[in-house]
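> Take this structure first; my questions come after.
Number of protein chains: 2
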Amino acid sequence: MDNVIDFINTNRDKYVDQLKEYLAIPSISALPEHAGDVKRAAEWSADEMRRIGMQNVRLVETPGFPVVYGDWLGAEGAPTILFYGHYDVQPVDPVNLWESPPFEATVRDGELYARGAADDKGQVFMHFKAIEAHLKQNGKLPVNIRIILEGEEEVGSANLDNFVKEHKDELKADVVVISDSPMFDRGIPSICYGLRGLVYFQIDLRGTRSDLHSGSFGGAVANPNMVLAQILAQMKDKSGRIRIPGFYDDVRELKEEEREQWKRLPFNDRRYAKELGAPKLFGETGYSTLERVWARPTFEVNGLLGGFTGEGAKTVIPAVAMAKVSMRLVPNQDPDKIAQLFEDHTKTVEVKVTRMHGGKPWMTDFDNKFVQAAGRAIQKGFGKEPVFNREGGSIPVVATFQEILGLPSVLFGVGLPDENAHAPNEKLDLGNFHGGIIASAFLYDEIAKG
Amino acid sequence: MDNVIDFINTNRDKYVDQLKEYLAIPSISALPEHAGDVKRAAEWSADEMRRIGMQNVRLVETPGFPVVYGDWLGAEGAPTILFYGHYDVQPVDPVNLWESPPFEATVRDGELYARGAADDKGQVFMHFKAIEAHLKQNGKLPVNIRIILEGEEEVGSANLDNFVKEHKDELKADVVVISDSPMFDRGIPSICYGLRGLVYFQIDLRGTRSDLHSGSFGGAVANPNMVLAQILAQMKDKSGRIRIPGFYDDVRELKEEEREQWKRLPFNDRRYAKELGAPKLFGETGYSTLERVWARPTFEVNGLLGGFTGEGAKTVIPAVAMAKVSMRLVPNQDPDKIAQLFEDHTKTVEVKVTRMHGGKPWMTDFDNKFVQAAGRAIQKGFGKEPVFNREGGSIPVVATFQEILGLPSVLFGVGLPDENAHAPNEKLDLGNFHGGIIASAFLYDEIAKG
Numbered sequence: 010m011d012n013v014i015d016f017i018n019t020n021r022d023k024y025v026d027q028l029k030e031y032l033a034i035p036s037i038s039a040l041p042e043h044a045g046d047v048k049r050a051a052e053w054s055a056d057e058m059r060r061i062g063m064q065n066v067r068l069v070e071t072p073g074f075p076v077v078y079g080d081w082l083g084a085e086g087a088p089t090i091l092f093y094g095h096y097d098v099q100p101v102d103p104v105n106l107w108e109s110p111p112f113e114a115t116v117r118d119g120e121l122y123a124r125g126a127a128d129d130k131g132q133v134f135m136h137f138k139a140i141e142a143h144l145k146q147n148g149k150l151p152v153n154i155r156i157i158l159e160g161e162e163e164v165g166s167a168n169l170d171n172f173v174k175e176h177k178d179e180l181k182a183d184v185v186v187i188s189d190s191p192m193f194d195r196g197i198p199s200i201c202y203g204l205r206g207l208v209y210f211q212i213d214l215r216g217t218r219s220d221l222h223s224g225s226f227g228g229a230v231a232n233p234n235m236v237l238a239q240i241l242a243q244m245k246d247k248s249g250r251i252r253i254p255g256f257y258d259d260v261r262e263l264k265e266e267e268r269e270q271w272k273r274l275p276f277n278d279r280r281y282a283k284e285l286g287a288p289k290l291f292g293e294t295g296y297s298t299l300e301r302v303w304a305r306p307t308f309e310v311n312g313l314l315g316g317f318t319g320e321g322a323k324t325v326i327p328a329v330a331m332a333k334v335s336m337r338l339v340p341n342q343d344p345d346k347i348a349q350l351f352e353d354h355t356k357t358v359e360v361k362v363t364r365m366h367g368g369k370p371w372m373t374d375f376d377n378k379f380v381q382a383a384g385r386a387i388q389k390g391f392g393k394e395p396v397f398n399r400e401g402g403s404i405p406v407v408a409t410f411q412e413i414l415g416l417p418s419v420l421f422g423v424g425l426p427d428e429n430a431h432a433p434n435e436k437l438d439l440g441n442f443h444g445g446i447i448a449s450a451f452l453y454d455e456i457a458k459g
Numbered sequence: 010m011d012n013v014i015d016f017i018n019t020n021r022d023k024y025v026d027q028l029k030e031y032l033a034i035p036s037i038s039a040l041p042e043h044a045g046d047v048k049r050a051a052e053w054s055a056d057e058m059r060r061i062g063m064q065n066v067r068l069v070e071t072p073g074f075p076v077v078y079g080d081w082l083g084a085e086g087a088p089t090i091l092f093y094g095h096y097d098v099q100p101v102d103p104v105n106l107w108e109s110p111p112f113e114a115t116v117r118d119g120e121l122y123a124r125g126a127a128d129d130k131g132q133v134f135m136h137f138k139a140i141e142a143h144l145k146q147n148g149k150l151p152v153n154i155r156i157i158l159e160g161e162e163e164v165g166s167a168n169l170d171n172f173v174k175e176h177k178d179e180l181k182a183d184v185v186v187i188s189d190s191p192m193f194d195r196g197i198p199s200i201c202y203g204l205r206g207l208v209y210f211q212i213d214l215r216g217t218r219s220d221l222h223s224g225s226f227g228g229a230v231a232n233p234n235m236v237l238a239q240i241l242a243q244m245k246d247k248s249g250r251i252r253i254p255g256f257y258d259d260v261r262e263l264k265e266e267e268r269e270q271w272k273r274l275p276f277n278d279r280r281y282a283k284e285l286g287a288p289k290l291f292g293e294t295g296y297s298t299l300e301r302v303w304a305r306p307t308f309e310v311n312g313l314l315g316g317f318t319g320e321g322a323k324t325v326i327p328a329v330a331m332a333k334v335s336m337r338l339v340p341n342q343d344p345d346k347i348a349q350l351f352e353d354h355t356k357t358v359e360v361k362v363t364r365m366h367g368g369k370p371w372m373t374d375f376d377n378k379f380v381q382a383a384g385r386a387i388q389k390g391f392g393k394e395p396v397f398n399r400e401g402g403s404i405p406v407v408a409t410f411q412e413i414l415g416l417p418s419v420l421f422g423v424g425l426p427d428e429n430a431h432a433p434n435e436k437l438d439l440g441n442f443h444g445g446i447i448a449s450a451f452l453y454d455e456i457a458k459g
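Just so you know, the sequences run in chain order R and B. Residues 10 to 459 in the numbering used here are what the first sequence lists, from first letter to last. Residues 10 to 459 in the numbering used here are what the second sequence lists, from first letter to last.
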């Protein structure tokens with residue numbers, strides 16, 4: 010491995026210049042006027058994959074933007090990594106808040122500022138360079154690798170499931186590696202081994218045919234706003250525990266080991282509350298903040314709307330009221346089962362409950378061999394033992410790979426919590442970028458070792 | 010009185026033509042482009058008052074539109090009526106829903122269709138014609154009358170309180186008569202002797218500095234939407250009773266006599282629910298629907314807003330949530346005291362509660378001599394004993410006259426519940442118009458008798 014690492018260290022500055030080229034392509038998948046740029050980014054990715062020595066590189070057309078595929082399968086008997094990333098980026102509005110143009114990557118204070126620097130071109134490129142170093146120095150990789158890069162991650166990955174289904178045989182692997190997430194904190198490299206799932210609903214209530222005057226009719230009829238408030242209020246008790254019968258039945262309790270690990274993380278409730286501008290934190294009693302966010306399910310009212318909401322006072326009893334609610338789920342809660350429990354619980358009154366999107370929770374045991382291999386690689390790349398954390402959010406592709414291919418995923422991200430992934434001034438720490446390339450190079454080696 | 014009634018019967022058709030002129034003036038006080046028309050309606054009112062024989066007629070300027078004043082004070086020793094009405098009208102949008110142009114009064118099936126036909130030009134004009142009949146036939150009225158007509162009723166009567174305060178001495182009277190309300194139902198003339206009051210609040214909650222992702226932060230912080238729902242839900246119990254401590258302390262219980270009267274009214278819960286398009290009626294147990302609307306206080310959530318309310322699903326924990334709530338009050342609840350009770354009850358959590366407009370409840374005992382005089386006049390004008398009802402809504406000027414002048418009001422309205430006062434196709438039943446002129450002529454006589 011020494012010659013591989015030497016190569017990476019020697020070429021450190023060149024990598025930044027190469028990455029700048031990739032970042033210069035405004036591949037904003039959400040904006041039709043950038044469709045040509047998105048395709049250009051696909052082609053640039055494919056060209057780069059060929060340059061670094063990947064084989065069978067091609068664009069696979071989908072009803073949307075193409076998936077870039079390439080592989081290197083010369084490590085007979087070794088495990089196969091399926092690497093997933095994306096070449097599309099978020100929009101850049103409001104562009105006037107950017108300190109440097111979003112598509113002219115600029116280095117300031119050791120950070121590379123550009124749209125896509127962290128999410129996800131920079132982290133994809135990190136693997137390109139790790140692969141290149143192996144192939145250039147040794148003519149081979151310690152593992153087999155298949156790469157797929159999609160161009161629709163920022164707009165919901167509508168065509169990814171189908172792509173994976175249709176190419177199931179070509180995507181055979183042992184583990185998925187995804188580098189599209191931040192570390193726990195600056196200087197604290199981490200491996201994420203669990204994500205929450207989601208069920209999302211819209212609740213619609215109708216009381217009367219049309220809005221009524223609250224003077225002439227107040228007292229005669231139920232007020233949908235009030236009924237909605239009552240429905241929502243009864244979903245949680247004062248200690249923050251969700252009251253839907255059966256809701257917690259399948260929740261996998263935290264292991265003592267996990268709790269111990271997380272307790273050691275540098276996390277301070279008061280500082281966190283201050284950062285969020287919250288008077289204080291709140292949640293289910295009996296669990297720390299990180300435990301609640303990473304390993305406990307939630308019930309959130311995402312939206313509320315009913316009646317008169319403009320300036321001033323209007324004395325109306327609304328005809329209709331609406332709420333959007335969602336529940337984050339943890340292993341082993343099943344979205345379908347939870348959806349059913351919620352609907353059963355809600356339908357004690359006359360309401361319309363519409364289920365919207367959702368996804369299963371996910372987790373790999375943190376003593377899984379691939380997770381541990383990733384941990385060793387991070388330690389070698391960053392000179393520091395990583396923390397093993399879970400995440401409160403959901404990454405739908407992880408569920409896709411789990412369900413369609415039956416593969417575990419390793420989330421091997423080197424972004425930072427303040428990377429501004431979907432905001433102005435997105436950035437990638439160049440120290441993390443370099444450490445990430447080395448860690449990636451080691452990752453292949455560690456996975457090969459098993 | 011016979012010659013007065015004969016005069017009214019003889020001129021019946023002419024009245025409709027005269028009223029059409031009044032209705033042709035688009036005196037929409039809410040729209041600046043109609044300011045000239047509003048003034049024109051004031052002048053038309055003054056001219057008409059001079060024509061029918063009123064004295065001291067003049068426009069009194071205010072910071073908004075003028076108040077039209079006129080009097081006839083020749084009935085020495087007799088009581089004095091202060092008649093209040095308004096010459097401004099509601100906007101007419103959406104104008105394409107009108108079956109005939111809103112300012113070209115049109116008769117169809119015995120109804121006169123025009124903006125202002127019922128609210129309030131038609132009902133003001135009814136009194137003009139009753140006064141005219143007395144003065145033309147007898148040279149005098151049985152009572153003294155002062156008329157004030159305002160031009161800002163449809164935009165909140167912002168200048169009326171000051172006008173009444175400044176002209177307190179010129180407005181001396183024994184009773185206020187207002188004809189600006191509907192009857193109980195077609196064919197059921199009624200006298201309204203009670204109104205509810207109002208307190209109105211906006212509740213604002215802030216959880217965090219900005220919206221948060223419900224995946225990454227769900228479980229860490231309280232959700233303002235949920236806290237709002239919990240605040241609102243605890244305001245009422247399942248039987249519809251308001252749970253604010255002390256809320257009912259000053260509520261005047263219904264008299265057995267009132268309950269008996271109202272029980273005899275032709276009112277059917279099922280038909281009413283069907284008219285409103287409500288699955289069923291709902292309210293405080295132990296009271297009939299009419300009792301709840303006319304004589305019991307309410308707590309209504311007039312508006313709800315928080316988080317994501319567009320199409321689809323967005324996983325957000327909102328930074329802020331807002332509700333508009335109001336309580337209808339009944340005698341002898343005091344808005345200031347109720348506001349204080351509400352604020353005390355709400356501020357068990359950290360919220361911003363802003364008190365908006367409001368008004369006191371009002372009622373005259375229904376055996377009050379003026380109310381009874383009005384009842385006899387209605388019976389003579391409509392050939393039918395009126396019902397004595399209360400109203401769920403509020404008419405702020407009634408409180409103004411009560412508070413500033415210490416005068417009781419008689420609500421002597423001949424509109425109909427389906428008159429479309431603030432909607433397209435406003436109309437006045439011509440039978441009620443004619444009966445109302447006769448009843449008004451008798452009203453002066455009955456009030457004079459005491």
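Glycine is no exception: its CB is placed at the ideal position from the N, C-alpha and C atoms. Bear in mind that the values here come from a model prediction, so they are computed numbers and not experimental data.
1) Hey, would you say B:Ala287 sits closer than 8 angstroms to B:Ile17, going by beta carbons?
2) Identify each residue in the region 331-365 of chain B for which the Cβ-Cβ distance to at least one residue of chain R is less than 8 angstroms, and report them in chain order.
3) The region 61-78 of chain B: which residues have C-beta closer than 7 angstroms to a C-beta of chain R, in chain order?
4) Is B:Thr318 near the ligand GDP, going by C-beta to nearest heavy atom under 7 angstroms?
5) Got a sec, what are the start and stop residues for the beta strand (DSSP E) B:Tyr93 sits in?
6) Would you say R:Ala99 lies against chain B (beta-carbon separation less than 8 angstroms)?
7) For the region 383-410 of chain B, which residues have a CB atom closer than 8 angstroms to at least one CB atom of chain R, in sequence order?
8) I'd like to know if R:Gln381 contacts chain B, where contact means its C-beta is closer than 8 angstroms to some C-beta of that chain.
9) Would a check of beta-carbon distances place B:Asn234 closer than 8 angstroms to chain R?
10) Please list, in chain order, the chain R residues whose beta carbon lies closer than 7 angstroms to that of B:Arg301.
11) Give the residues of chain B in contact with R:Gln239, contact being defined as C-beta atoms less than 7 angstroms apart.
12) Based on the DSSP secondary-structure assignment, which residues constitute the bridge partners of B:Phe16?
13) Taking R:Gly224 as the query, report the chain B residues whose CB atoms sit under 7 angstroms from its CB, ordered along the chain.
14) If you follow the alpha helix (DSSP H) that R:Arg49 is part of, which residue opens it and which one closes it?
15) Give the interface partners of R:Asn311 over in chain B, defined as CB-CB distance under 7 angstroms, in chain order.
16) Indicate whether at least one CB of chain R lies closer than 8 angstroms to the CB of B:Thr294.
17) Taking the beta carbon of B:Lys436 as the centre, do at least 16 other beta carbons fall within 10 Å, making it buried, or is it exposed?
18) Do the CB positions of R:Asn234 and R:Ala330 come within less than 8 angstroms of each other?
19) In whole angstroms, give me the CA-to-CA distance for R:Ser418 and R:Tyr202.
20) Does the region 27-44 of chain B come into contact with the region 167-180 of chain R, if we say contact requires no fewer than three beta-carbon pairs (one atom in each stretch) closer than 8 angstroms?
21) Near R:Lys378, which residues of its chain fall below 8 angstroms by C-beta distance, leaving aside the five closest residues on each side in sequence?
22) Should R:Thr89 and R:Lys181 be called a contact, given that it needs their Cβ atoms to be closer than 8 angstroms?
23) Have a look at R:Asp97 and R:Ala142 and give me their C-alpha separation to the nearest angstrom.
24) One question on the structure: do R:Ile200 and R:Phe397 come within less than 8 angstroms of each other, judged by their Cβ atoms?
25) Helix, strand or coil for B:Ala332, going by three-state DSSP, please let me know.
26) Between B:Phe256 and chain R, is any beta-carbon pair separated by less than 8 angstroms?
27) Hey, how far is the Cα of R:Thr409 from the Cα of R:Glu159?
28) Any beta carbon of chain B sitting closer than 8 angstroms to that of R:Asn280?
29) Leaving out the 5 sequence neighbours to the left and right, which residues in its chain are closer than 8 angstroms to R:Glu309 when beta-carbon positions are compared?
30) For R:Arg261, which of R:Pro110, R:Pro275 and R:Arg205 has the nearest alpha-carbon?
31) What is the DSSP secondary structure of B:Ile253, counted as helix, strand or coil?
32) May I ask you to verify whether the region 267-278 of chain R touches the region 355-371 of chain B, counting CB pairs closer than 8 angstroms and requiring at least 3?
33) Taking B:Phe291 as the reference, give the member of R:Phe226, R:Leu241, R:Gly312 and R:Gly315 with the closest Cα.
34) Opposite R:Leu180 in the DSSP bridges: which residues?
35) Quick one: is R:Gly424 near chain B, going by C-beta distance under 8 angstroms?
36) Comparing alpha-carbon positions, which option in B:Gly415, B:Ala44, B:Lys247 and B:Gln27 lies nearest B:Lys130?
Reading from the atomic positions:
1) In the second sequence, counting from the first residue as 1, residue 287 of chain B sits at position 278. In the second sequence, counting from the first residue as 1, residue 17 of chain B sits at position 8. In this structure, B:Ile17 does not lie closer than 8 angstroms to B:Ala287 by Cβ.
2) Met331, Ala332, Lys333, Ser335, Arg337, Glu359 and Met365
3) none
4) Inclusion of the ligand GDP in the displayed structure is not the case, the ligand content being empty and no account of it being possible.
5) In the second sequence, the residue the question calls residue 93 of chain B occupies position 84. Residues Thr89 to His95.
6) Position 90 of the first sequence holds residue 99 of chain R. It should be noted that the sequence gives Gln, not Ala, for residue 99 of chain R. For R:Gln99, the answer is no, since every Cβ of chain B falls outside 8 angstroms of its Cβ.
7) Glu400, Gly401, Gly402 and Ser403
8) Numbered from its first residue, the first sequence carries residue 381 of chain R at position 372. By this cut-off, R:Gln381 is not an interface position.
9) Mapped onto the second sequence, residue 234 of chain B falls at position 225. Yes - at least one Cβ of chain R is within 8 angstroms of the one on B:Asn234.
10) Within the second sequence, numbered from 1, the residue matching residue 301 of chain B stands at position 292. Here the neighbours are Gly228 and Ala229.
11) As a working note, residue 239 of chain R is residue 230 in the first sequence. Per Cβ cutoff of 7 angstroms: Ala242.
12) Along the second sequence, one-based indexing puts residue 16 of chain B at 7. In DSSP, B:Phe16 forms no bridge with anything.
13) One-based indexing of the first sequence puts residue 224 of chain R at position 215. Near R:Gly224 (Cβ distances below 7 angstroms), the residues of chain B are Arg205, Arg337, Gly401, Gly402 and Ser403.
14) On the first sequence, position 40 is the one that residue 49 of chain R refers to. Start and end: Ala44 to Ile61.
15) In the first sequence, counting from the first residue as 1, residue 311 of chain R sits at position 302. Going along chain B in sequence order, the residues near R:Asn311 (Cβ under 7 angstroms) are Ser223, Gly316, Phe317, Lys323, Thr324 and Val325.
16) In the second sequence, residue 294 of chain B corresponds to position 285, counting from 1. With 8 angstroms as the cut-off, B:Thr294 does not count as an interface residue toward chain R.
17) As a position in the second sequence, residue 436 of chain B is number 427, starting the count at 1. The residue in question, B:Lys436, is buried, as its Cβ has 16 or more Cβ neighbours within 10 Å.
18) On the first sequence, residue 234 of chain R is found 225 positions in, with the first residue counted as 1. On the first sequence, residue 330 of chain R is found 321 positions in, with the first residue counted as 1. Closer than 8 angstroms, so yes.
19) Walking along the first sequence from the start, residue 418 of chain R turns up at place 409. Walking along the first sequence from the start, residue 202 of chain R turns up at place 193. If I take the Cα positions, the gap works out to 8 angstroms.
20) no
21) On the first sequence, residue 378 of chain R is found 369 positions in, with the first residue counted as 1. Closer than 8 angstroms at Cβ, skipping near neighbours: Gly459.
22) On the first sequence, residue 89 of chain R is found 80 positions in, with the first residue counted as 1. On the first sequence, residue 181 of chain R is found 172 positions in, with the first residue counted as 1. Result yes, Cβ atoms of R:Thr89 and R:Lys181 sit closer than 8 angstroms.
23) What you label residue 97 of chain R is simply residue 88 of the first sequence in a count that begins at 1. What you label residue 142 of chain R is simply residue 133 of the first sequence in a count that begins at 1. If you take the alpha carbons of R:Asp97 and R:Ala142, they lie about 25 angstroms apart.
24) By one-based count along the first sequence, residue 200 of chain R stands at place 191. By one-based count along the first sequence, residue 397 of chain R stands at place 388. It is a contact, given that the beta carbons lie within the stated cut-off.
25) Within the second sequence, the letter at position 323 stands for residue 332 of chain B. Strand at B:Ala332.
26) For this step, residue 256 of chain B is matched to residue 247 along the second sequence. By this cut-off, B:Phe256 is not an interface position.
27) Mapped onto the first sequence, residue 409 of chain R falls at position 400. Mapped onto the first sequence, residue 159 of chain R falls at position 150. Their Cα atoms are separated by approximately 14 angstroms.
28) Position 271 of the first sequence, counted from the start, is the residue given in the question as residue 280 of chain R. One point to set straight first is that residue 280 of chain R is Arg, not Asn, in the sequence displayed. No, its Cβ sits nowhere closer than 8 angstroms to a Cβ of chain B.
29) For the purposes of this step, residue 309 of chain R is taken as the residue at position 300 of the first sequence. Within the same chain, R:Glu309 has close Cβ partners Val334, Ser335, Met336 and Arg337.
30) Here residue 261 of chain R refers to the residue found at position 252 of the first sequence. Taking only the C-alpha atoms, the option nearest R:Arg261 is R:Arg205.
31) Numbered from its first residue, the second sequence carries residue 253 of chain B at position 244. Of the three classes helix, strand and coil, the one that applies to B:Ile253 here is coil, per DSSP.
32) no
33) The residue you call residue 291 of chain B lines up with position 282 of the second sequence. Nearest option by C-alpha distance: R:Phe226.
34) Here residue 180 of chain R is taken as the residue at index 171 of the first sequence, counted from 1. BP columns for R:Leu180 are empty, so no partner.
35) Here residue 424 of chain R refers to the residue found at position 415 of the first sequence. So, not an interface residue.
36) As a working mapping, residue 130 of chain B is identified with position 121 in the second sequence. Among B:Gly415, B:Ala44, B:Lys247 and B:Gln27, the Cα nearest to that of B:Lys130 is on B:Gln27.
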